[in-house]
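In what follows, a single structure is set out as structure tokens and then discussed.
2 protein chains.
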Amino acid sequence: MTVTIRDVARDAKVSVATVSRVLNASGPVHPTTSARVREAAERLRYVPHGGARSLVTSETYTLGVVLPDIYGEFFSEVIRGLDAAARGHGYHLLLSSAHASPAEMKAALRSMRGRVDGLVVMLPDLDALELLAHLPDGAPVVLLNRAVGQFPALTIDNHGGARAMVRHLLALGHRRIGTIVGAESNADAGERLRGYRAALAEAAVPRRAEWEVRGDFTEAGGHAAVGALLAAAERPTAIFAANDAMAIGALSALREAGVRVPHEMAVAGFDDIPMARYVDPPLSSVHVPIARLGTRAVERLMAMLHPELHPELQSGPGVASPMVSRHEKCATTLVIRRSCGGRASGDAVPPASEAGRDATFP
Amino acid sequence: MTVTIRDVARDAKVSVATVSRVLNASGPVHPTTSARVREAAERLRYVPHGGARSLVTSETYTLGVVLPDIYGEFFSEVIRGLDAAARGHGYHLLLSSAHASPAEMKAALRSMRGRVDGLVVMLPDLDALELLAHLPDGAPVVLLNRAVGQFPALTIDNHGGARAMVRHLLALGHRRIGTIVGAESNADAGERLRGYRAALAEAAVPRRAEWEVRGDFTEAGGHAAVGALLAAAERPTAIFAANDAMAIGALSALREAGVRVPHEMAVAGFDDIPMARYVDPPLSSVHVPIARLGTRAVERLMAMLHPELHPELQSGPGVASPMVSRHEKCATTLVIRRSCGGRASGDAVPPASEAGRDATFP
DNA sequence: GCGTCCACTGTAACCGTTTACAGCGCCGCC
DNA sequence: GGCGGCGCTGTAAACGGTTACAGTGGACGC
């Protein structure tokens with residue numbers, strides 16, 4: 008039923024080797040023969056079997072992507088970035104996301120063996136490190152959001168970003184600043200909390216336990232956290248949420264509570280997901296070049312897969328350029344919109360690299 | 008370097024067949040031997056080579072996804088649905104999106120041969136039909152957004168949805184209703200335009216060419232279209248945009264032009280992307296269960312791949328249940344928010360099946 | 001006339017699995 | 001004691017390609 012290279016060979020009265028040579032333009036073959044083979048392949052609708060080919064060439068032109076269980080615009084953006092970059096290099100993406108448990112993730116990692124040339128892995132929880140021992144041996148890996156051991160990694164400047172945003176709130180005159188903390192087991196959440204505390208400490212502004220409310224990175228979590236913040240003995244005048252989803256949840260909770268933003272309560276988020284500029288009032292946030300994270304991960308994988316094509320990315324014998332540092336930390340920028348009052352620059356336009364993201368369909 | 012089944016066999020002093028039997032629990036093997044093999048595999052960190060395995064079993068546990076060039080929240084949602092469903096069935100996703108030209112898409116389709124068990128294909132333009140002739144023969148296919156030939160397809164009720172929304176605007180008293188049309192070559196765009204016209208015709212409300220402005224499904228396109236609409240000899244009092252991205256672009260253009268929504272101009276969109284309820288004012292839209300489209304596509308593929316497991320999805324010799332009709336049209340519902348005035352039911356909550364989509368990270 | 005080289009083509013090994021088939025030892029039954 | 005059956009194991013043939021190697025025949029130089 009399905010037509011193989013052997014069928015084409017028989018039809019064109021040549022050997023399979025010749026068919027392979029024609030179709031891959033490897034080795035010399037007579038024009039006449041070539042034409043005959045090509046015609047036969049066309050007529051039989053021959054399509055080479057990718058799996059079989061990669062078995063011998065050990066090149067799959069596929070990159071594996073393993074993501075944890077958490078959904079949302081952040082992931083969509085990462086995947087978008089990965090996809091665009093991969094496609095640009097002629098690669099596909101083998102996606103395996105939404106893994107609830109480390110065990111599941113390990114299974115996913117294993118199943119990628121022999122199917123991908125490289126891997127992009129985003130570790131979910133702090134306790135997922137041992138997963139890395141089970142990485143397929145051959146394929147290069149780039150870690151997202153976590154720098155662990157000697158693996159090449161791409162992380163976000165969580166600490167710096169959070170600190171910058173809280174500094175901004177302090178500069179606006181706020182002295183009672185609450186925060187909605189991210190999921191407990193999450194590494195980014197921890198760093199953002201540290202950044203928040205660092206900014207307060209610098210300014211010698213006291214912090215209080217009742218101002219640090221646990222969230223879970225979801226909109227609902229942000230919504231729920233507002234109750235505790237409003238009920239605090241000393242009510243904060245500003246809220247820094249550890250991500251935009253929680254900030255958006257907080258905005259709706261505040262609206263329901265009749266607390267006006269930003270006049271009675273300033274609100275800021277983290278990530279600057281596309282939606283942030285559309286909410287009412289537009290949300291101030293720590294801009295993370297999310298899609299860029301994906302494209303950059305692919306670029307690094309490409310450099311590892313094709314060293315000869317990317318000499319500039321290699322570490323020379325002497326110098327180690329920043330391009331090759333195994334751990335790359337992505338800078339963040341502040342995007343100040345109306346939700347935190349102050350000199351709201353209307354709607355800061357995201358960097359050009361993010362342009363085009365608003366195209367949509369249908 | 009990379010350890011194969013042969014290495015394990017040698018180490019455990021058995022044949023490769025026995026190793027395979029142990030690891031797949033196929034065929035009888037002595038407990039002692041089994042333990043020895045298992046131990047060896049563990050110690051050598053053996054991971055089976057998926058490609059090689061699927062070459063002989065011709066099962067890849069992977070579903071191919073081929074999407075056109077257009078980005079946006081709509082696609083993220085589809086992919087999210089596909090991914091969740093695929094994972095639920097133990098399948099991976101091989102993603103190949105962002106294909107600019109039919110030729111590229113054809114190449115993508117070809118390269119999937121031997122790598123996937125089934126395919127979800129979204130055709131971009133009207134002229135992309137001939138692509139289907141180049142589908143890999145063996146694998147079952149589900150078409151998204153287009154019903155073509157005998158292929159199983161999942162489509163949106165574009166015509167009905169558009170008509171319902173325009174009817175709603177008419178019921179609110181609007182008689183001059185403009186529309187921002189989608190990309191010319193796009194099938195959905197055409198159907199939505201027909202739905203718009205049908206609603207006007209029913210109500211015997213005249214339509215004018217100057218009220219039908221071409222857009223391209225992007226926010227920028229929607230923004231630009233507003234200029235023409237406002238400059239019309241008879242200015243409309245309502246705008247129906249063929250998708251939400253354009254509607255959102257229109258909202259910002261109207262704000263810039265000082266036209267208040269909904270008082271001076273009602274606005275409605277199509278798709279009900281998650282962002283729709285967050286814009287200001289919240290956007291009335293035709294709700295499409297976007298993620299559901301993805302999960303449903305996977306379900307149908309599963310039914311085709313494992314007929315024995317999904318007897319309820321099979322067409323019995325007698326009855327043809329709606330479950331098995333090759334072409335399934337997804338119903339839409341109206342979600343009325345503030346952007347079109349009228350009895351804005353505040354913020355209609357999306358159906359439960361879409362719940363949880365707001366969870367996000369980090 | 002003969003050796004060399006080159007363009008072209010075929011044979012067969014190999015990639016890493018699964019699996020049909022066969023072989024072996026042992027038990028139990030006639 | 002022969003024999004069928006069973007439990008366990010190994011051998012080897014696929015799966016569908018790529019590619020090293022070994023021809024073949026003709027052109028060409030000496």
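Chains as they are written, first to last, in the numbering used here: chain Z, 8 to 369; chain E, 8 to 369.
No residue lacks a Cβ here, since even glycine has one placed at the ideal position from N, Cα and C.
This structure is a prediction, so every number in the text was calculated from the model and none was measured.
Using beta-carbon positions only, say whether residue i and residue j come within less than 8 Å of one another.
i: alanine 206(E); j: arginine 170(E); result: yes
i: isoleucine 184(E); j: phenylalanine 247(E); result: yes
i: valine 149(Z); j: valine 127(Z); result: yes
i: alanine 273(E); j: alanine 245(E); result: yes
i: histidine 99(Z); j: leucine 89(E); result: no
i: glycine 234(E); j: asparagine 250(E); result: no
i: valine 73(E); j: alanine 115(E); result: yes
i: threonine 339(E); j: glycine 79(E); result: no
i: valine 29(Z); j: tyrosine 53(Z); result: no
i: histidine 166(Z); j: glutamate 137(Z); result: no
i: isoleucine 343(E); j: histidine 175(E); result: yes
i: arginine 376(Z); j: glycine 71(Z); result: Examination of residue 376(Z) is not possible in this model, given that chain Z is present from 8 through 369 alone.
i: arginine 6(Z); j: leucine 161(Z); result: The requested residue 6(Z) does not occur in the structure, where chain Z is confined to residues 8 to 369.
i: arginine 345(Z); j: proline 269(Z); result: yes
i: alanine 5(Z); j: leucine 237(Z); result: The question about residue 5(Z) has no answer, for chain Z in this structure spans 8 to 369.
i: proline 147(Z); j: leucine 308(Z); result: yes
i: arginine 120(Z); j: histidine 56(E); result: yes
Between which two residues does the beta strand (DSSP E) harbouring residue i extend?
i: arginine 4(E); result: Since the first residue shown for chain E is 8 and the last is 369, residue 4(E) is missing from the structure and cannot be characterised.
i: leucine 341(Z); result: 340-342
Going along chain E in order, which residues have a C-beta closer than 9 Å to the C-beta of residue i?
i: glycine 156(Z); result: The premise fails here: glycine 156(Z) is roughly 16 Å from chain E at the closest Cβ pair, so nothing lies under 9 Å.
i: alanine 59(Z); result: Gly58, Leu62 and Gly121
i: methionine 272(Z); result: Chain E residues near methionine 272(Z): none, gap ~18 Å exceeds 9 Å.
i: serine 83(Z); result: Glu80, Phe82, Ser83, Glu84, Ile86 and Arg87
Considering just the uninterrupted stretch of the alpha helix (DSSP H) at residue i, what are its terminal residues?
i: methionine 112(Z); result: 109-118
i: glutamate 263(Z); result: 251-263
i: valine 26(E); result: 23-31
i: leucine 236(E); result: 226-237
i: aspartate 195(E); result: 194-209
i: alanine 42(Z); result: 38-51
i: glycine 34(Z); result: Element bounds for glycine 34(Z): n/a, residue is neither H nor E.
i: valine 305(E); result: 297-312
i: valine 212(E); result: Taken as a continuous stretch (DSSP letters only), valine 212(E) belongs to no alpha helix (DSSP H), as it is neither H nor E.
i: valine 286(E); result: From DSSP, valine 286(E) is part of no alpha helix (DSSP H); its letter is neither H nor E.
i: alanine 16(Z); result: 12-19
Report the neighbours of residue i on chain E: residues whose CB is nearer than 7 Å to its CB, in chain order.
i: aspartate 287(Z); result: Asp287
i: leucine 102(Z); result: Asp90, His99, Leu100 and Leu102
i: methionine 282(Z); result: Met282 and Tyr285
Identify every residue that forms a DSSP beta bridge with residue i.
i: methionine 129(E); result: Leu151(E)
i: glycine 276(E); result: Ser292(E)
i: glutamate 335(Z); result: Leu161(Z)
i: threonine 64(Z); result: Paired residues: none, contrary to the question.
i: threonine 69(E); result: His99(E)
i: isoleucine 246(Z); result: Gly185(Z) and Val274(Z)
i: proline 75(E); result: His106(E)
Quick one: list the residues of chain Z neighbouring residue i, beta-carbon separation under 8 Å, in chain order.
i: serine 118(E); result: Gly57, Tyr68 and His99
Please compile the residues from chain Z whose C-beta is within a distance smaller than 7 Å of the C-beta of residue i.
i: serine 27(E); result: Here the premise fails: no neighbours, minimum Cβ distance about 15 Å.
Measuring from the CB of residue i, is there a heavy atom of the ligand FMN at a distance below 7 Å?
i: isoleucine 280(Z); result: With respect to the ligand FMN, the structure shown offers nothing to examine, as it has no ligands at all.
Does the segment 297-314 of chain Z come into contact with the segment 255-269 of chain Z, if we say contact requires no fewer than three beta-carbon pairs (one atom in each stretch) closer than 8 Å? no
Kindly confirm or deny that the segment 279-296 of chain E and the segment 283-297 of chain Z touch, where touching means at least three C-beta pairs closer than 8 Å. yes
Would you be able to state if there are at least three C-beta pairs under 8 Å between the segment 63-70 of chain Z and the segment 32-42 of chain Z? no
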